[in-house]
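Quick look at the structure:
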């Protein structure tokens, strides 16, 4: 009796599948919603960056749902993103990701903001066997633990400022000395270490390097020390608040360098708004700029993306790279799910590992650790209150303004 | 040597900011026996007022300080009279909880109104400074120090030279006795808290000129105010001034201590704090309890 019932059910299922198959040739039918989970910082110290991350995710969400969803084997699955607020606390982030997976039935995880939170979330994703694509944790240490379910679409931390050195090596008269101010968090230290290792190979000398506590932007003592050494290049590996404080301090204390380059900060509109004309000439390494010239194989072109952002958020500001990389994480998931032809966690994970696509954000392809080492960083400079991409030359829309004039002659 | 002089000057200038931040905190703690965990948030409200006036009407940040003081006084007076007064005689833990909650509410309101964007006030003279040989004194920070001393002087004068000040001190000394001689306790409480908030607002105005502000930027200032008051001692204006300047000096000199990263600056500051507490439990200049 049982067997018979099972047989009937099987036959019906087969019929249903066949029916779907035939109709799927033209317009795909609609399947169950795919649930993504994301714990981002909506309040607390990183609410700005967390907000940008959410903007990036939502931009893709609108786009994909306008098209009916992600196509899996001819069936369109609409997409849902469940958000939790980690209050800028990395430990809380991990708890929330677990909650998203068990309570809210999230099938896939989109990363949080920041390397610290990403590192804790990666553990949860791994433990549950749920794939996570993250867009805002650049510290390589996240990927050194041998995790199989975490992928990062952004270039790793060690590339943030080395591009500035590559650019500086092409300038004349060539700068030679570097002063480095570093926040003492994982990500910033990795950025700084890469600079210290890379600088000698390009003929630069690091003459001053000091760490300060992250999120305590009182750095006037360090700036006055650096100013005495007259470095050609002043670099900061830290965060937005500190980059603003350092730039203000450099002016107040007469620290004149030929190049000011900060890892994080200048690429956001806030930097220019907060500093006005004093923001000019500052360089930064950026994951992405609205000026890059990539030729995407799907989703929007760079120009269309910028326009879609401005329309959705009714703003005149360009999207900064935090937004773009967050969207890129969604694109990686979309393509991997399509390639896998399945919503099975392990199959999608394997498809992510084998992914190689060109997007508006650049190439997305992961090395064996899960890091996107294939996309280059670009160098931006603020010129007359606007961002210009100045290096590498093949994606640039401006030339570096060099050397930076002294504060008194601006 | 000039390097050392420069560091000392920067330390004193930073100390000035700490003095400004801690004055109001110390007053409220000393008189009302409330450790106001929302103090940093009130500081940032002052920052936003200065920022708003500067971006909207180009009002010089130093000219907007009296406006900060006035607005924050009203907010502080109302907060105390309407909310905090209800737990004024409750155990310390209740006032902790309440001011912690007020802090969350203010920060969230600021997030709603101003978003989490980083703001900063950058007037045209913000980068200028007085150059004495190889030593630089940035005007803005110097202005901050002057304002801090003016605030300290004003607070001292209010407390020691006016009837209101005498009443405030009386309330601090003995509530019940003060009430017996006809002092309106509720008014005095609110007045004290209002003055404390007003001073916080002025400190916030100064801070907006050399640091970037966000709704959450105030939390470290609550902690610093706490440390300054512990270091200097409770119950005297001069103690807060000494505590603030010392704390600033330690922080900057700690940044340049040879062989140490400035990551240790805070650790050094708090080690000094612990030593002071062990050697002089009432702080450097604290009164007998």
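Residue numbers (our numbering), protein chains in the order written: chain A, 409 to 818; chain B, 958 to 1246.
Glycine residues also receive a C-beta, built at the ideal position from the N, C-alpha and C atoms.
The model shown is predicted, which means the values in this text are computed figures rather than measured ones.
Using only CA atoms, which one of A/489, A/787 and A/635 lies nearest to residue 806 of chain A? Counting from 1 along the first chain, the entry for residue 806 of chain A is found at position 398. Out of A/489, A/787 and A/635, A/787 has the C-alpha closest to the C-alpha of residue 806 of chain A.
To which residues of the same chain is residue 679 of chain A closer than 6 Å at the C-beta, ignoring the five residues directly before and after it? Taking the first residue of the first chain as position 1, residue 679 of chain A is located at position 271. 673 and 687.
What does the alpha-carbon distance come out to for the pair residue 793 of chain A and residue 1003 of chain B? Taking the first residue of the first chain as position 1, residue 793 of chain A is located at position 385. Taking the first residue of the second chain as position 1, residue 1003 of chain B is located at position 46. In a straight line, the C-alpha of residue 793 of chain A is about 28 Å away from that of residue 1003 of chain B.
For residue 1076 of chain B, would you say it is in contact with chain A, using Cβ-to-Cβ distances shorter than 8 Å as the test? In the second chain, residue 1076 of chain B corresponds to position 119, counting from 1. At least one chain A Cβ lies under 8 Å of residue 1076 of chain B.
First through last residue of the beta strand (DSSP E) which encompasses residue 643 of chain A: As a first step, residue 643 of chain A must be located in the first chain, where it is residue number 235. From DSSP, the beta strand (DSSP E) with residue 643 of chain A extends over 641-645.
My assumption, with CB atoms under 8 Å, is that residue 778 of chain A sits in contact with residue 559 of chain A. Please give the rounded CB distance. Here the question's residue 778 of chain A lines up with position 370 in the first chain. Here the question's residue 559 of chain A lines up with position 151 in the first chain. Yes, they are in contact, since the Cβ atoms of residue 778 of chain A and residue 559 of chain A sit about 4 Å apart, within 8 Å.
Three or more C-beta pairs under 8 Å: does that hold for the segment 569-588 of chain A against the segment 543-558 of chain A? As far as the Cβ criterion goes, the segment 569-588 of chain A does not touch the segment 543-558 of chain A, which means the pair count is below three.
Using a Cβ-Cβ cut-off of less than 7 Å, give me the residues of the segment 445-458 of chain A that come near chain C, in sequence order. The structure shown contains no chain C; its protein chains are A and B.
Would residue 1246 of chain B count as contacting chain A if we go by Cβ distances under 8 Å? Here residue 1246 of chain B refers to the residue found at position 289 when the second chain is read from its first residue. In this prediction, residue 1246 of chain B has a pLDDT of 44, which is less than 50 and means its spatial position is unreliable; nothing more can be read from the coordinates.
For residue 962 of chain B, which residues in the same chain have their Cβ closer than 6 Å to its Cβ, ignoring the five residues on either side in sequence? Along the second chain, one-based indexing puts residue 962 of chain B at 5. So the qualifying residues of the chain are 1092.
Taking the runs of the alpha helix (DSSP H) that are 4 residues or longer, which of them lie wholly in the segment 480-562 of chain A? List check, alpha helix (DSSP H) in window: 498-510 and 523-536.
Anything in chain A within Cβ reach of residue 1251 of chain B, meaning under 8 Å, just list it in chain order. As shown, chain B starts at 958 and ends at 1246. That puts residue 1251 of chain B outside it, with no answer to give.
Comparing C-alpha positions only, which one of B/1151, B/1014 and B/1234 sits nearest to residue 1026 of chain B? By one-based count along the second chain, residue 1026 of chain B stands at place 69. Per the Cα distances, B/1151.
Cβ of residue 977 of chain B within 8 Å of any chain A Cβ: Mapped onto the second chain, residue 977 of chain B falls at position 20. With 8 Å as the cut-off, residue 977 of chain B does not count as an interface residue toward chain A.
Contact with chain A by residue 1119 of chain B, beta-carbon distance below 8 Å: What you label residue 1119 of chain B is simply residue 162 of the second chain in a count that begins at 1. Not closer than 8 Å to any Cβ of chain A, the Cβ of residue 1119 of chain B fails to qualify, so no.
With a threshold of 8 Å between beta carbons, is residue 401 of chain A in contact with chain B? Limits of chain A in this structure are 409 at one end and 818 at the other, which puts residue 401 of chain A out of reach.
Counting only the same chain and skipping the five closest in sequence on each side, list residues whose C-beta sits under 6 Å from that of residue 1052 of chain B. One-based indexing of the second chain puts residue 1052 of chain B at position 95. Here the set comprises 991 and 1044.
Mind checking the segment 678-702 of chain A against chain B and listing, in chain order, the residues whose C-beta falls within less than 7 Å of any C-beta there? Under the 7 Å Cβ criterion, the segment 678-702 of chain A contributes 678, 682, 683, 684 and 686.
Establish whether the CB of residue 615 of chain A and some CB of chain B are separated by less than 8 Å. By 1-based counting over the first chain, the position of residue 615 of chain A is 207. No - not a single Cβ of chain B is within 8 Å of the one on residue 615 of chain A.
For a test of the three-state rule: what should DSSP assign to residue 1144 of chain B, helix, strand or coil? Here residue 1144 of chain B refers to the residue found at position 187 of the second chain. DSSP places residue 1144 of chain B within a helical segment (H, G or I) once states are collapsed to three.
First and last residue of the beta strand (DSSP E) that includes residue 588 of chain A? Sequence index remark: in the first chain, residue 588 of chain A carries index 180 (1-based). Residues 585-591.
Cβ of residue 1226 of chain B within 7 Å of any heavy atom in the ligand COA? As presented, the structure is devoid of all ligands, the ligand COA included, so that no description of it is given.
Should residue 420 of chain A go down as buried or exposed, given a rule of 16 or more other Cβ atoms within 10 Å for buried? Along the first chain, read from residue 1 onward, the residue named residue 420 of chain A stands at position 12. Because residue 420 of chain A sits at a pLDDT of 48, beneath the cut-off of 50, its placement in the model cannot be relied upon, and the following sentence gives the value as read from the coordinates. Label assigned to residue 420 of chain A: exposed.
So that I know if they touch, is there some Cβ in chain B lying closer than 8 Å to that of residue 420 of chain A? Along the first chain, one-based indexing puts residue 420 of chain A at 12. Below a pLDDT of 50, predicted positions are generally treated as unreliable, and residue 420 of chain A, at 48, falls in that range; no measurement from the model is reported.
Residues of the segment 1172-1185 of chain B with Cβ closer than 7 Å to any Cβ of chain A, in chain order: From the segment 1172-1185 of chain B, only 1173 and 1177 have a Cβ closer than 7 Å to chain A.
Tell me whether the beta-carbon of residue 1001 of chain B lies closer than 8 Å to the beta-carbon of residue 1189 of chain B. To locate residue 1001 of chain B, count along the second chain from 1; it is residue 44. To locate residue 1189 of chain B, count along the second chain from 1; it is residue 232. No, the pair does not count as a contact, with Cβ atoms beyond the cut-off.
Candidates A/689, A/646, A/657 and A/603, of which the one nearest residue 797 of chain A by Cα: The residue labelled residue 797 of chain A in the question sits at position 389 within the first chain. The shortest Cα separation from residue 797 of chain A among A/689, A/646, A/657 and A/603 belongs to A/689.
Cβ pair residue 1132 of chain B, residue 1142 of chain B closer than 8 Å: One-based indexing of the second chain puts residue 1132 of chain B at position 175. One-based indexing of the second chain puts residue 1142 of chain B at position 185. Yes, they are a contact pair.
Specify, as a first and last residue, the run of the alpha helix (DSSP H) that residue 783 of chain A falls within. Here residue 783 of chain A refers to the residue found at position 375 when the first chain is read from its first residue. Careful: residue 783 of chain A lies outside any alpha helix (DSSP H) and carries neither H nor E.
Are the beta-carbon atoms of residue 458 of chain A and residue 448 of chain A separated by less than 8 Å? Taking the first residue of the first chain as position 1, residue 458 of chain A is located at position 50. Taking the first residue of the first chain as position 1, residue 448 of chain A is located at position 40. With a cutoff of 8 Å on beta-carbon distance, residue 458 of chain A and residue 448 of chain A are scored as near each other.
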